[in-house]
Amino acid sequence: MPYLTAGFRPRAAGARRPFHTAGLLLGFALLCSQMIAAAAHAADDRQFVHNGHTIDYALVLPDHFDKSKAYPVLLALPPGDQSRQMVEAGLNFYWEAEAKRRGWVVISPAAPSGENFYSGLERELPPLVDEVARSVRVEGGKAHLAGVSNGGLSAYRVITEFPDRFVSLTVLPGVPPDDRAFAALKNLRGIPVAAFAGGDDTEWVRGSRDASQELDRLGIQNTLTIVPGSGHVIRLDPGKLFDLLDQTRPHTAAR
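Take the sequence shown: its position 76, counting from 1, is numbered 75 in numbering that gives the first Met the number 0, and each next residue is one higher.
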């Protein structure tokens, strides 16, 4: 399976070498393989066709889903090659079980082979959320956004391009994928950003700090958590992730 690469811009002026997600697919797949095999996959597999693109996606509905109720919706972008396998890994590792228990809806799309959600396909994500909103009432009319590794790059891309569509950003890890996205961080005013990076994942820590420093300079609410002893694949308690997500919901809706 191919690895994806991306470059990002530092806060200070000047060129920097690109960083790579080498080892992510293997590492993430190894860590998640037993979970994938053991878990009863409860997500609804669907397909979205728009502007000539066909995007397969998983839709996780909470226990006792009620069409008449509004739910917080999380758009969760997968790591690695952003394939269906990586969608399932991300759901099992971070999102699915806790979302069902907490009353969240999760949308997790897979990129068609050879494409990704940070170099063109990101334009299809707001229409995908609109498609789901035809059958799910979206709390506050906006989705929350999260991404893992290449999904984190994608999350920064889509939220800087379409900031009015999202209420929060969570990346683990994630950085702006290029100069254009870095310069557009100013668009995130009013959107809380929570970033995580493994302490042993040197280049992603550096990029995460650059992004956090720029967000600080812009006066944008953000947190960066460096997880000691973790590499590129970050072991985080899903309950704590959803605690953070719940804090970004409208005060009248958050539980």
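Just so you know, even glycine gets a beta-carbon here, dropped at the ideal spot from N, CA and C.
- Straight-line measurement puts the Cα of residue 226 at about 31 Å from the Cα of residue 125.
- The residues 97, in chain order, have a CB closer than 7 Å to that of residue 238 in the same chain once the five nearest residues on each side in sequence are set aside.
- Excluding the 5 residues flanking it on each side, residue 249 has same chain C-beta neighbours closer than 6 Å at 139, in chain order.
- As DSSP reads the structure, residue 214 sits in no beta bridge.
- Taking 8 Å as the cut-off, the beta carbon of residue 104 is found closer than this to the beta carbon of residue 59.
- Boundaries of the beta strand (DSSP E) harbouring residue 194: 192-197, taken from the DSSP string.
- Under the DSSP definition of a beta bridge, residue 226 partners with 197.
- When the Cα atoms are used, residue 150 and residue 74 turn out to be separated by approximately 10 Å.
- Beta-bridge pairing by DSSP links residue 49 to 52.
- With fewer than three CB-CB distances shorter than 8 Å, the stretch 197-205 does not count as touching the stretch 179-187.
- Counting along the chain, the unbroken beta strand (DSSP E) around residue 165 starts and ends at 165-170.
- Note on the stretch 86-147: whole alpha helix (DSSP H) runs with a minimum of 4 residues are 95-101, 124-131, in chain order.
- DSSP links residue 157 through a beta bridge to no other residue.
- Spanning the alpha carbons of residue 144 and residue 247 requires a straight line of approximately 11 Å.
- Around the beta carbon of residue 231, 16 or more other beta carbons sit within 10 angstroms, so the residue counts as buried.
- Under the 10 Å beta carbon count, residue 236 is surrounded by fewer than 16 other beta carbons and is classified as exposed.
- When DSSP reads this structure, residue 59 sits in a beta bridge with 105.
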